[in-house]
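Q: In this note's numbering, the protein residues as written are 145 to 399.
Quick one: the structure is below, and I'll ask about it shortly.
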Ligand code: 6PG
């Protein structure tokens with residue numbers, strides 16, 4: 145496995161910093177494959193929520209090719225999304241389309257195990273349908289994902305939880321609709337992210353460096369920096385970074 149340097153931010157998270165974006169993507173993919181193998185061995189299933197946007201594409205592509213593709217028990221893997229845009233699945237902005245191109249079309253995951261958010265129905269109907277699917281897949285209560293993958297937006301958003309948006313405060317529904325720059329979104333609500341056994345952010349590039357430092361080192365202001373809302377009960381989030389995205393961190397390396 146790729147060997148990153150580790151930086152701890154007590155109460156906030158643990159950063160694994162790789163030299164560049166490709167090494168960070170590889171580490172993310174390797175960790176996903178390892179977590180999937182372990183969950184399937186222990187519990188017979190691995191349920192993960194994928195991140196959207198552009199950053200995860202390389203990591204998902206690495207998962208879709210040798211050697212990692214052959215190391216994942218795809219028949220027991222269930223994939224969901226942390227968020228989706230309200231567009232058809234073939235639309236260039238669809239997070240599902242990105243994952244299908246990079247990963248789903250290249251591995252033997254059963255179609256029934258791919259739980260796409262039907263964003264084309266509009267944000268409220270799509271959120272309600274996604275919630276029903278989540279409750280069915282996880283036995284009714286708050287879903288406990290084995291792994292939730294997240295990204296970080298330039299404004300500190302994660303999934304489609306945007307600064308000052310009412311969806312940040314949703315504690316009853318599992319999935320909610322949001323509106324961002326005129327585009328409908330569906331996002332997992334914070335309690336679902338916090339119920340996960342493991343949450344991993346994959347963030348690369350100098351343009352995200354200040355925001356990463358804000359999230360991990362600035363005083364808590366989660367309404368303004370929604371990624372700070374994510375505080376999993378099972379353990380601090382892991383931040384998979386490249387050196388560029390870690391370049392504004394003051395934190396000292398782990399002992
Ligand atoms: C989305 C994502 C979003 C994303 C960040 C970072 O649907 O856009 O879920 O939260 O992770 O905006 O996006 P990039 O990886 O493209 O910078």
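All C-beta atoms in this analysis are idealised placements derived from N, C-alpha and C, irrespective of residue type, glycine included.
Here the structure is a predicted model, which is why all the values come from computation and not from measurement.
Ordered along the chain, which non-local residues of its own chain (more than five positions away) have a Cβ less than 6 angstroms from that of residue 156?
A: As a working note, residue 156 is residue 12 in the chain shown. Answer for residue 156: 360, listed in chain order.
Q: Would you mind sorting residue 276 into buried or exposed? The rule is 16 or more other CB atoms within 10 Å of its CB.
A: Mapped onto the chain shown, residue 276 falls at position 132. Label assigned to residue 276: exposed.
Q: Using beta-carbon positions only, say whether residue 327 and residue 229 come within less than 8 angstroms of one another.
A: Indexing the chain shown from 1 puts residue 327 at position 183. Indexing the chain shown from 1 puts residue 229 at position 85. In contact: residue 327 and residue 229 (Cβ atoms closer than 8 angstroms).
Q: Does the ligand 6PG have a heavy atom nearer than 7 angstroms to the CB of residue 226?
A: By one-based count along the chain shown, residue 226 stands at place 82. Because some heavy atom of the ligand 6PG lies under 7 angstroms away, the Cβ of residue 226 counts as near it: yes.
Q: Can you look up residue 171 in the DSSP assignment and give me helix, strand or coil?
A: Position 27 of the chain shown, counted from the first residue, corresponds to residue 171. The answer is helix: DSSP assigns residue 171 an H, G or I state.
Q: Output the residue ranges of the alpha helix (DSSP H) runs that lie fully inside the segment 220 to 287 and measure 4 residues or longer, sorted by chain position.
A: Counting only runs of 4 or more, we get 239 to 246 and 267 to 281.
Q: Indicate the three-state DSSP secondary structure (helix, strand or coil) for residue 181 in the structure shown.
A: Against the chain shown, residue 181 aligns to sequence position 37. Three-state result, residue 181: helix.
Q: What's the gap between the Cα of residue 381 and the Cα of residue 345?
A: To locate residue 381, count along the chain shown from 1; it is residue 237. To locate residue 345, count along the chain shown from 1; it is residue 201. Answer to the nearest angstrom: the Cα atoms are 7 angstroms apart.
Q: Restricting to Cα atoms, I'd like to know which of 341, 252 and 247 is closest to residue 290.
A: Looking up residue 290 in the chain shown gives position 146. If we check each option's Cα against that of residue 290, 341 comes out closest.
Q: Taking all protein chains shown into account, decide if residue 378 is buried (16 or more other Cβ within 10 angstroms of its Cβ) or exposed.
A: Position 234 of the chain shown, counted from the first residue, corresponds to residue 378. By the 10 Å Cβ count, residue 378 comes out exposed.
Q: Spatial neighbours of residue 217 within its chain, please: CB distance less than 7 angstroms, with the 5 preceding and 5 following residues excluded, ordered by chain position.
A: For the purposes of this step, residue 217 is identified with residue 73 of the chain shown, where counting begins at 1. 180, 181 and 184, listed in sequence order.
Q: At which residues does the beta strand (DSSP E) containing residue 291 begin and terminate?
A: Here residue 291 corresponds to residue number 147 of the chain shown, with the count starting at 1. Taken as a continuous stretch (DSSP letters only), the beta strand (DSSP E) holding residue 291 covers 291 to 294.
Q: Hey, would you say the C-beta of residue 262 is under 7 angstroms away from at least one heavy atom of the ligand 6PG?
A: Taking the first residue of the chain shown as 1, we reach residue 262 at position 118. Outside the cutoff, so no.
Q: Cβ atoms of residue 348 and residue 388: under 8 angstroms apart, would you say?
A: Here the question's residue 388 lines up with position 244 in the chain shown. Here the question's residue 348 lines up with position 204 in the chain shown. Cβ atoms of residue 388 and residue 348: closer than 8 angstroms.
Q: Going by DSSP in three states, residue 318 sits in which element: helix, strand or coil?
A: If you number the chain shown from 1, residue 318 lands on position 174. Coil.
Q: On the DSSP bridge assignment, give the partners of residue 194 in chain order.
A: Here residue 194 is taken as the residue at index 50 of the chain shown, counted from 1. Paired residue(s): 225.
Q: Leaving out five residues on either side along the sequence, give the residues of the same chain with a beta carbon under 6 angstroms from the beta carbon of residue 350.
A: For the purposes of this step, residue 350 is taken as the residue at position 206 of the chain shown. 388, listed in sequence order.
Q: What's the C-alpha gap between residue 265 and residue 233?
A: Here residue 265 corresponds to residue number 121 of the chain shown, with the count starting at 1. Here residue 233 corresponds to residue number 89 of the chain shown, with the count starting at 1. Cα-Cα distance, rounded: 11 angstroms.
Q: Does the Cβ of residue 214 have 16 or more other Cβ atoms within 10 Å, making it buried, or fewer, making it exposed?
A: Along the chain shown, read from residue 1 onward, the residue named residue 214 stands at position 70. With fewer than 16 Cβ atoms within 10 Å of its Cβ, residue 214 is classed as exposed.
Q: What's the gap between the Cα of residue 262 and the Cα of residue 231?
A: One-based indexing of the chain shown puts residue 262 at position 118. One-based indexing of the chain shown puts residue 231 at position 87. Between residue 262 and residue 231, the C-alpha separation is close to 8 angstroms.
Q: Can you tell me whether residue 399 is helix, strand or coil according to DSSP?
A: Stepping through the chain shown from its first residue, residue 399 is reached at position 255. Because residue 399 carries a pLDDT of 43, less than 50, the predicted location of this residue cannot be relied on, and the following value inherits that uncertainty. It is coil, neither helix nor strand.
Q: Could you tell me the distance, in whole angstroms, from the CA atom of residue 176 to the CA atom of residue 151?
A: If you number the chain shown from 1, residue 176 lands on position 32. If you number the chain shown from 1, residue 151 lands on position 7. Computed Cα separation, rounded: 20 angstroms.
Q: Considering only DSSP beta bridges, list what residue 149 is partnered with.
A: As a first step, residue 149 is located in the chain shown; it is residue number 5 there, counting from the start. Paired residues: 161.
Q: Please report the straight-line C-alpha distance between residue 212 and residue 174, rounded to a whole angstrom.
A: Start at 1 with the first residue of the chain shown, and residue 212 comes out as number 68. Start at 1 with the first residue of the chain shown, and residue 174 comes out as number 30. Near 7 angstroms, if we compare the C-alpha coordinates of residue 174 and residue 212.
Q: Output yes or no for whether 8 angstroms exceeds the beta carbon distance between residue 374 and residue 343.
A: By 1-based counting over the chain shown, the position of residue 374 is 230. By 1-based counting over the chain shown, the position of residue 343 is 199. Their beta carbons are under 8 angstroms apart, which means residue 374 touches residue 343 by this criterion.
Q: Can the beta-carbon of residue 368 be found closer than 8 angstroms to that of residue 300?
A: For the purposes of this step, residue 368 is taken as residue 224 along the chain shown, with counting starting at 1. For the purposes of this step, residue 300 is taken as residue 156 along the chain shown, with counting starting at 1. Yes. Within cutoff.
Q: Within a Cβ cutoff of 8 angstroms, which residues of the same chain sit near residue 366, ignoring the five residues on either side of it in sequence?
A: Taking the first residue of the chain shown as 1, we reach residue 366 at position 222. Excluding residues within five positions, the ones whose Cβ falls inside 8 angstroms are 312, 372 and 373.
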